[in-house]
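>
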Amino acid sequence: KYTGVRDDTQRQLFFPYLEEASPRSFTVYVRTSRPPEAAFATVRQVVRQLDPNLPVAAPRTLEQQVARSLGRERLVATMSAVFGALATLLAVVGLYGVMACGVARRTREIGVRMALGAQAADIRWMVIRESLALAAAGIALAVPAAAGLGRLVASQLYGVAANDPLTVAAAVALLGAVSLLAGLPPSARAARVEPTTALRYE
C-alpha cells in the first residue's frame, strides 16, 4: 500500500537512495507522540541542520495522507448520497401522489365499504397495504438491478462489498418505511370519508 490505501499489499524491494541515477525527492515518515505542528517544526529544523538548501515540501500527517488518497472515493460517495436522497424524495412524492389520486378516485367504493360495515381502521389498512404492495413491486425490480450494477461501482468501494447484505437489507427497510410514511396521509383521508357523502360522490 505505497501508492494508495486501496492497493493490495505487494512485495517490495528497497535500494539505497544514493544508488539512484537521478535522485530528485523522497518521502520520510516520522513516528512521534507530539502534536503534528510541533513535529513539523522539529523536522524542518533537523533538515536545515543537515542541508540549508534542502526544502521540506508539504508536510502532513498520516491521517491527512489517507484522506487525500481517498478524495475521489469521498466525492463519489457524497454525490451518491445526494442523488440517493433525491431519488428517495421523488419516490415519496410519487408514491404519495399515486395513493392520494387512488383514494380520490375510489371515494365511492370506500363509502360503500364503510356503509357495509368496514371500520376506519380497515380502510386505513387497505390503503397502507396497497402502498406497501407498490413498494414491494419496486423493490423486487430494484434489487436484481442493483446487484447487476454493483459490479460497475465495485472499483469505487473500499472495504465494502458491492452487494453487501447489510446494505441491501438497510435499503429495503428504508424503502419500506418510506412507503409506509407515504401511505399514511392518504389512508387517514380515506378513513375520514363519510359514507353518505361518498355514495353521492361522482
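In terms of our numbering, the sequence shown opens at residue 15 and continues consecutively. Where is the CB? At the ideal position from N, CA and C, for every residue including glycine.
The alpha helix (DSSP H) that contains F97, what's its start and end?
Taking the sequence shown and counting its residues from 1, one reaches residue 97 at position 83. First-last of the alpha helix (DSSP H) with F97: 85 to 119.
> Taking just the CA atoms, how far does F97 sit from P220?
In this structure the chain extends from 15 to 216, so residue 220 is not present and cannot be described.
> From A187 to L146, what does the alpha carbon distance come to, in whole angstroms?
Along the sequence shown, one-based indexing puts residue 187 at 173. Along the sequence shown, one-based indexing puts residue 146 at 132. Rounded to whole angstroms, A187 to L146 spans 12 Å at the Cα level.
> From which residue to which residue does the alpha helix (DSSP H) around T181 run?
Position 167 of the sequence shown, counted from the start, is the residue given in the question as residue 181. Where T181 is concerned, the enclosing alpha helix (DSSP H) stretches over 179 to 205.
> Return the chain-ordered list of same chain residues with a C-beta closer than 7 Å to the C-beta of A196, the five sequence neighbours on each side being excluded.
On the sequence shown, position 182 is the one that residue 196 refers to. Only V106, L109, Y110, M113, S145 meet the Cβ criterion.
> When the Cα of R206 is compared with those of R82, A132, S47, which residue comes out closest?
On the sequence shown, position 192 is the one that residue 206 refers to. Residue A132 is the option with its Cα nearest to R206.
> Report the residue from E123, F54, Q24 whose alpha carbon sits nearest the alpha carbon of T211.
By 1-based counting over the sequence shown, the position of residue 211 is 197. When only C-alpha atoms are compared, the closest one is E123.
> Can you give me the C-alpha to C-alpha distance between P158 and G152, rounded to a whole angstrom?
Residue 158 sits at position 144 when you count from the first residue of the sequence shown. Residue 152 sits at position 138 when you count from the first residue of the sequence shown. So the alpha carbons of these two residues sit roughly 11 Å apart.
> Just curious, the alpha helix (DSSP H) that E33 is in, first and last residue?
Counting from 1 along the sequence shown, the entry for residue 33 is found at position 19. Segment: none, E33 is in no alpha helix (DSSP H) and carries neither H nor E.
> Taking the Cβ atom as the reference point for each residue, do R138 and S201 lie within a distance shorter than 8 Å?
Translated into positions along the sequence shown, residue 138 becomes position 124. Translated into positions along the sequence shown, residue 201 becomes position 187. A contact, by the Cβ cut-off of 8 Å.
> Measure the CB-CB distance between V117 and A204 and report whether it falls below 8 Å.
For the purposes of this step, residue 117 is identified with residue 103 of the sequence shown, where counting begins at 1. For the purposes of this step, residue 204 is identified with residue 190 of the sequence shown, where counting begins at 1. In this structure, A204 lies closer than 8 Å to V117 by Cβ.
> Below 8 Å on the Cβ atoms is my guess for R58 versus V70; work out the distance and round it to an integer in Å.
Working through the sequence shown from its first residue, we reach residue 58 at position 44. Working through the sequence shown from its first residue, we reach residue 70 at position 56. R58 to V70, Cβ: 5 Å. Contact.
> Helix, strand or coil for R62 per DSSP?
The residue given as residue 62 occupies position 48 in the sequence shown. Here R62 sits in helix by DSSP.
> Looking only at C-alpha atoms, which of S193, G190, A160, A191 sits nearest to D178?
Along the sequence shown, one-based indexing puts residue 178 at 164. Nearest option by C-alpha distance: A160.
> S193 and L163 look like a contact to me (Cβ under 8 Å); what is the Cβ gap, rounded to whole Å?
Indexing the sequence shown from 1 puts residue 193 at position 179. Indexing the sequence shown from 1 puts residue 163 at position 149. Actually they do not touch by this definition, with Cβ atoms about 22 Å apart.
> Quick check: what's the CA-CA separation for R143 versus E87?
Taking the sequence shown and counting its residues from 1, the one referred to as residue 143 is at position 129. Taking the sequence shown and counting its residues from 1, the one referred to as residue 87 is at position 73. Distance between the alpha carbons of R143 and E87 is about 39 Å.
> My guess is that L68 and V60 are in contact by the Cβ rule of under 8 Å, so how many angstroms apart are they, rounded?
In the sequence shown, residue 68 corresponds to position 54, counting from 1. In the sequence shown, residue 60 corresponds to position 46, counting from 1. Contact between L68 and V60 is absent: CB atoms are separated by about 10 Å, not below the 8 Å threshold.
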